[in-house]
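>
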Amino acid sequence: MLPEGDEDSVEYAPSTNAYGLVTPSHMGWDWRIEKPTRRNPFSHPTPPMGIRAEREFIDKLDMENFDLKFRLYYLGEAMEKMSPDGLILAKENAHLNTEIATLKAELDHYRGQIELFGQQKSQFHQWSVSKDKEVFAVRAELQATQQALKEMDDRREDVERECRDLRVQIHLLKCHIRGLVESRDNNPGSREEENKLKSELEAYKSSITDLTGLVDQLQSDIVAERAEKQQSRADLKTALTQLDQEKSALLDMSCRMMERDSQLSNLQNENQTIKDEAGGLRKEVACMKKAVAKKDGVLRKATDMLNDINLQRDADCHALEAMRKEAQANQGELGIQNQQLKQELASEKQNNYSLIAQLELLRAKNSNDVSSARLEVESLKIQAARLNEELATSRNQHLLATQQLQALTTENACLKDTIDHSSRSNSAQAEIRQAELSKLQNEAEQRSEATKENSLVNLGWSYNLVIWKTLAVRLGINFDLNY
1 MLPEGDEDSV EYAPSTNAYG LVTPSHMGWD WRIEKPTRRN PFSHPTPPMG IRAEREFIDK
61 LDMENFDLKF RLYYLGEAME KMSPDGLILA KENAHLNTEI ATLKAELDHY RGQIELFGQQ
121 KSQFHQWSVS KDKEVFAVRA ELQATQQALK EMDDRREDVE RECRDLRVQI HLLKCHIRGL
181 VESRDNNPGS REEENKLKSE LEAYKSSITD LTGLVDQLQS DIVAERAEKQ QSRADLKTAL
241 TQLDQEKSAL LDMSCRMMER DSQLSNLQNE NQTIKDEAGG LRKEVACMKK AVAKKDGVLR
301 KATDMLNDIN LQRDADCHAL EAMRKEAQAN QGELGIQNQQ LKQELASEKQ NNYSLIAQLE
361 LLRAKNSNDV SSARLEVESL KIQAARLNEE LATSRNQHLL ATQQLQALTT ENACLKDTID
421 HSSRSNSAQA EIRQAELSKL QNEAEQRSEA TKENSLVNLG WSYNLVIWKT LAVRLGINFD
481 LNY
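Residues 1 to 483 (the UniProt record's numbering) make up the sequence shown, in order.
1. Could you tell me the distance, in whole angstroms, from the CA atom of Cys163 to the CA atom of Ile208?
2. Do Ala278 and Leu107 have their CB atoms nearer than 8 Å?
3. Going by beta-carbon coordinates alone, are Arg155 and Leu218 separated by less than 8 Å?
4. Which residues in the same chain have their Cβ closer than 8 Å to the Cβ of Glu134, if we skip the five residues on either side of it in sequence?
5. For a quick check, are the C-beta atoms of Phe124 and Glu225 less than 8 Å apart?
6. Determine the closest residue to Lys196 out of Leu214, Leu173, Lys294, Arg260, with distance taken between C-alpha atoms.
7. Are the region 253-265 and the region 140-154 in contact at 8 Å, needing three or more beta carbon pairs?
8. Does the region 126-140 come close enough to the region 310-319 that 3 or more CB-CB pairs lie under 8 Å?
9. Return the CA-CA distance between Glu77 and Arg300, expressed in angstroms with no decimal places.
10. Considering only residues of the same chain and omitting the five flanking positions on each side of Ile222, which have a CB-CB separation below 6 Å?
11. So, helix, strand or coil for Ser199, using DSSP?
12. Going by beta carbon distance, what residues of the same chain come within less than 8 Å of Leu214, once the five residues before and after it are set aside?
13. Measuring alpha carbon to alpha carbon, tell me which of Thr145, Gln340, Glu284, Leu306 ends up nearest Leu72.
14. Determine, using beta carbons only, whether Leu264 and Tyr110 come nearer to each other than 8 Å.
15. Rounded to the nearest angstrom, how far is the Cβ of Glu270 from that of Leu103, given a contact under 8 Å?
16. Classify Leu61 as buried or exposed, calling it buried when 16 or more other Cβ atoms lie within 10 Å of its own Cβ.
17. Report yes if the C-beta distance between Ile177 and Tyr204 is below 8 Å; otherwise report no.
18. Where Ile100 and Ile274 are concerned, what is the direct C-alpha to C-alpha distance, given to the nearest angstrom?
19. Between the C-alpha atoms of Pro24 and Glu64, what's the straight-line distance to the nearest angstrom?
20. Return the chain-ordered ranges of every beta strand (DSSP E) run that is complete within the region 236-283 and spans a minimum of 3 residues.
21. Lys121 and Met253 - do their beta-carbons sit closer together than 8 Å?
22. Candidates Arg52, Gln343, Glu389: which alpha carbon is nearest Asn442's?
23. Can you say whether Ala319 is buried or exposed, counting buried as having 16 or more other CB atoms within 10 angstroms of its CB?
24. Give a single yes or no on whether Phe124 has its beta carbon closer than 7 Å to a heavy atom of the ligand NAP.
25. With 16 as the cutoff for other CB atoms within 10 Å, does Leu400 come out buried or exposed?
26. Cβ of Ser232 within 8 Å of Cβ of Glu141?
27. If you count every other CB in all the chains shown that lies within 10 Å of the CB of Gln340, and 16 or more means buried, which is it?
28. From Leu166 to Val129, what does the alpha carbon distance come to, in whole angstroms?
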């Protein structure tokens, strides 16, 4: 199982170079470009090497391919983790744009309502001015009516006072007439005076009749004026009540307009805030796009490196063919190297068994991390399948090289008899080969002791040392690694 986490949080390697390759700086290796020698099979395009070197070369190419695929896996994982964020940001940006459009529509609606309220306010103001004029005219008319009523009351009082005076005079005249009637019998000359008084009395009666009619007319006018005055007061009261209602409605409308102005201000502030947030999100999306472009560049570089490695592998296959031809020319040496290879292979198997045991121990310790990583690995099956296809291709190439190695081993077995026959006829050369065999055995024993003393991480990096050097030579990079 692969460890969990994105590209920024991966801790499977302590440091990386410009191409995202892990550099074993914590192992204390001194990474320097070695000069091409016959003993270093990786420093020459077509190096002469034995069967063991071929096997090591193939294994190291497989490890190199695995490391590159490992990095491609984490790059793809980082891309997949970044893509949903970019999609979420795009959805949020679209949602914010929709909200902005909705708020703009609401703002336009509120502005239309405000304009309508303004028109209604202007119309109401004009109506209020006309009503004020009407109320002023009614009040002026009412004041004129009240003044006319007051004048009529004054005239009525004058007429009533004159009527009272006339009634008093009539009463006095009647008394005087009665006295004259009584004295007429005694004084015949008073008849003329009686007639004169009667004529005056008739004149007074006619005057009283006229005044009574005038009083009645004035009273009817006063009643009509009072009724008109009451109607005018009722109309004025109704107009004042309606004016108060209209003023209250105008006040309510003003309050609503103030509330709408406040809402409009709040909406404008919210709109500005949303615009600022949208601008910030657009900047974040731009940054995310730049990061995605950068990741794509790194992924393209890694893909180009993998293609270069595949091309180099093809060249190495041709080199292996040249090695096989050289091995056929050196049959005697290959026989001895075959025996040495078998011994070293057995030693390497023992070392591999110990490494496998230590690896199983580490896997047991990291079981919790593995179980948590499995959930994420399930979501990456598609990419893993693609990587497995590439790995299957690499394994097929490895199987082809292994078949070639088996063919060489068969040829070496066939040549064994020839080597034995050659060893009887050439004892001096056999002693030299035996000395080389002893030397190689000593080196194998020293390597086995060093392997036992080193930790699992040192063994892993020592096993991959040639891979890192090959990558450095291929990329033209000189590393100086200190612990």
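Glycine is no exception: its CB is placed at the ideal position from the N, C-alpha and C atoms. This structure is a prediction, so every number in the text was calculated from the model and none was measured.
Based on what the coordinates show:
1. To locate residue 163, count along the sequence shown from 1; it is residue 163. To locate residue 208, count along the sequence shown from 1; it is residue 208. Going by the C-alpha atoms only, they are around 7 Å apart.
2. Reading the sequence shown from its first residue, position 278 is the one you call residue 278. Reading the sequence shown from its first residue, position 107 is the one you call residue 107. Not in contact: Ala278 and Leu107 (Cβ atoms no closer than 8 Å).
3. As a working note, residue 155 is residue 155 in the sequence shown. As a working note, residue 218 is residue 218 in the sequence shown. In this structure, Leu218 lies closer than 8 Å to Arg155 by Cβ.
4. Position 134 of the sequence shown, counted from the start, is the residue given in the question as residue 134. Closer than 8 Å at Cβ, skipping near neighbours: Ala239.
5. Stepping through the sequence shown from its first residue, residue 124 is reached at position 124. Stepping through the sequence shown from its first residue, residue 225 is reached at position 225. Contact flag unset, no.
6. To locate residue 196, count along the sequence shown from 1; it is residue 196. Of Leu214, Leu173, Lys294, Arg260, the residue nearest in Cα terms is Leu173.
7. no
8. no
9. In the sequence shown, counting from the first residue as 1, residue 77 sits at position 77. In the sequence shown, counting from the first residue as 1, residue 300 sits at position 300. About 15 Å.
10. Here the question's residue 222 lines up with position 222 in the sequence shown. Annotation for Ile222: Met152 place their beta carbon closer than 6 Å to its own, counting only its chain and skipping 5 residues before and after.
11. Position 199 of the sequence shown, counted from the first residue, corresponds to residue 199. Looking at Ser199 - three-state DSSP - the assignment turns out to be helix.
12. On the sequence shown, residue 214 is found 214 positions in, with the first residue counted as 1. Cβ neighbours of Leu214 beyond the five flanking positions: Val159.
13. Reading the sequence shown from its first residue, position 72 is the one you call residue 72. Cα-wise, what sits closest to Leu72 is Leu306.
14. Taking the sequence shown and counting its residues from 1, one reaches residue 264 at position 264. Taking the sequence shown and counting its residues from 1, one reaches residue 110 at position 110. Cβ distance < 8 Å, so Leu264 and Tyr110 count as in contact.
15. Residue mapping note: residue 270 aligns to position 270 of the sequence shown, counting from 1. Residue mapping note: residue 103 aligns to position 103 of the sequence shown, counting from 1. Right, their Cβ atoms sit about 7 Å apart.
16. Numbered from its first residue, the sequence shown carries residue 61 at position 61. So Leu61 counts as buried.
17. For the purposes of this step, residue 177 is taken as the residue at position 177 of the sequence shown. For the purposes of this step, residue 204 is taken as the residue at position 204 of the sequence shown. Not closer than 8 Å, so no.
18. As a position in the sequence shown, residue 100 is number 100, starting the count at 1. As a position in the sequence shown, residue 274 is number 274, starting the count at 1. About 7 Å.
19. Against the sequence shown, residue 24 aligns to sequence position 24. Against the sequence shown, residue 64 aligns to sequence position 64. Annotation note: pLDDT 40 at Pro24 (below 50); position unreliable, coordinate value reported separately. The alpha-carbon atoms of Pro24 and Glu64 are separated by roughly 14 Å.
20. Given a length threshold of 3 residues, the region 236-283 has no whole run of the beta strand (DSSP E) inside it.
21. Residue mapping note: residue 253 aligns to position 253 of the sequence shown, counting from 1. Residue mapping note: residue 121 aligns to position 121 of the sequence shown, counting from 1. With respect to Lys121, Met253 sits close: the two C-beta atoms are nearer than 8 Å.
22. Counting from 1 along the sequence shown, the entry for residue 442 is found at position 442. Nearest of Arg52, Gln343, Glu389 to Asn442, Cα basis: Gln343.
23. Residue 319 sits at position 319 when you count from the first residue of the sequence shown. Label assigned to Ala319: buried.
24. In the structure on display, the ligand NAP does not appear, and there are no ligands present to speak of.
25. Translated into the one-based positions of the sequence shown, residue 400 becomes position 400. Counting the other Cβ atoms within 10 Å of the Cβ of Leu400 gives fewer than 16, which makes it exposed.
26. In the sequence shown, residue 232 corresponds to position 232, counting from 1. In the sequence shown, residue 141 corresponds to position 141, counting from 1. Yes. Within cutoff.
27. The residue given as residue 340 occupies position 340 in the sequence shown. It counts as buried.
28. On the sequence shown, residue 166 is found 166 positions in, with the first residue counted as 1. On the sequence shown, residue 129 is found 129 positions in, with the first residue counted as 1. Going from the Cα of Leu166 to the Cα of Val129 covers about 55 Å.
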